[in-house]
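Notes follow the structure.
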Amino acid sequence: MRRMGSLQEAEKESKNNELQKFTRLEDKQLSWLHVSIQFISIQILMVYYWFKLSLRVYGRENCPRDWQPLLIVSNHISMDDPPLIAVSLNFRPISFMAKQELFENVWLRTYCYWVGSFAVNRHKVELSSIKSALKVLKHGNWALGLFPEGTRHQEGRTRNLKRGAAFFAQSANVPILPVAIRQFTNTKTDKKMAEVHIAPVIRAEKDEPAETLNARIFEAIDAMLARPIPANAR
Numbered sequence: 002m003r004r005m006g007s008l009q010e011a012e013k014e015s016k017n018n019e020l021q022k023f024t025r026l027e028d029k030q031l032s033w034l035h036v037s038i039q040f041i042s043i044q045i046l047m048v049y050y051w052f053k054l055s056l057r058v059y060g061r062e063n064c065p066r067d068w069q070p071l072l073i074v075s076n077h078i079s080m081d082d083p084p085l086i087a088v089s090l091n092f093r094p095i096s097f098m099a100k101q102e103l104f105e106n107v108w109l110r111t112y113c114y115w116v117g118s119f120a121v122n123r124h125k126v127e128l129s130s131i132k133s134a135l136k137v138l139k140h141g142n143w144a145l146g147l148f149p150e151g152t153r154h155q156e157g158r159t160r161n162l163k164r165g166a167a168f169f170a171q172s173a174n175v176p177i178l179p180v181a182i183r184q185f186t187n188t189k190t191d192k193k194m195a196e197v198h199i200a201p202v203i204r205a206e207k208d209e210p211a212e213t214l215n216a217r218i219f220e221a222i223d224a225m226l227a228r229p230i231p232a233n234a235r
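The structure is reproduced here in structure tokens:
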């Protein structure tokens, strides 16, 4: 039994080492080629989500129109969250920190690479993931997409929050765009519905403690999640 356990641990360690290379964002992933590929994928996904989820977007005017460095912070309820955010914002290139396990799938790994995203180990954040995130924010044109809950939750409030949001915003001196995603089922048609709410930009105050900044971010997200649900939804 001990030998079997040791073999399993060795296999797990080998897999983690193999996936670790995807935590390093290559410079060319922020090139215009990857921006163009992301733009094309957004056009396709836009049609898909309008029909699949009857997508509704609120507060789009709060998203800066110019391509300035920006940290997008959202709750996390499903695998659809990154593309829903990309479709909902005024088109801008976004690099998402995606959980490392997604990169085990060759198709998802290829897609993430070509749209400029990179991996993060949720259990032990690698220095390479931190460097990749800061590279995005210091590039000048790209936004960084972050899900601080680390895993998906269906509840109407954020929970189990990581502290990375304030760290990245303060380290790169960039504004923060809070986003809230909600999904329902239409009681009349039994069709899925999705809402993306976008709050006004938050800026870190001088010498503001990270805990205070994090609290402001998540209060903004929770306030959007607490809004009344549509009358025809459950």
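For the sequence shown, the numbering used here begins at 2 and goes up steadily by one. Think of the CB as a built atom: it goes at the ideal place given N, C-alpha and C, for glycine as much as any other residue. This one's a predicted model, so the numbers in the text were calculated from it and none came from an experiment.
**Study point:** Segment limits, beta strand (DSSP E) that includes Glu196
**Key:** Lys193 to Ile199
Check your understanding: What's the C-alpha gap between Phe219 and Val74?
Key -> 9 Å
Practice item. Helix, strand or coil for Thr190, going by three-state DSSP, please let me know. Key: coil
**Study point:** As assigned by DSSP and simplified to three states, the class of Leu147
**Key:** strand
Check your understanding: If you check the beta carbons only, do Thr213 and Ser129 fall under 7 Å apart?
Key -> no
Review point. Which two residues bound the contiguous alpha helix (DSSP H) that contains Asn138?
Key: Going by the sequence as given, residue 138 is Leu instead of Asn. Taken as a continuous stretch (DSSP letters only), the alpha helix (DSSP H) holding Leu138 covers Leu128 to His140.
Review point. What's the gap between the Cα of Arg153 and the Cα of Trp33?
Key: For Arg153, the predicted structure reports a pLDDT of 47, less than 50, and the residue's modelled location is therefore unreliable. The matter cannot be settled from this model.
Review point. Does DSSP classify Ala173 as helix, strand or coil?
Key: helix
Point to revise | Among Tyr59, Gln21, Val58 and Pro84, nearest to Ile41 - alpha-carbon criterion | key: Pro84
Point to revise | Close beta carbons around Phe52, own chain, < 7 Å, minus the five adjacent residues each side | key: none
Check your understanding: What is the DSSP secondary structure of Leu72, counted as helix, strand or coil?
Key -> strand
Review point. What three-state label does DSSP hand Arg217 in the structure shown?
Key: helix
Check your understanding: Identify the residues that DSSP records as bridge partners of Tyr59: which are they?
Key -> His198
Point to revise | Under 7 Å between C-beta atoms of Phe148 and Leu26 | key: no
Point to revise | Ser79 to Lys136 span [Cα, whole Å] | key: 26 Å
**Study point:** Through-space distance from Thr188 to Asn215, alpha-carbon basis
**Key:** 36 Å
Point to revise | Inter-residue Cα distance where the pair is Ile222 and Asn76 | key: 7 Å
**Study point:** Length of the line joining the Cα atoms of Ser37 and Met47
**Key:** 15 Å
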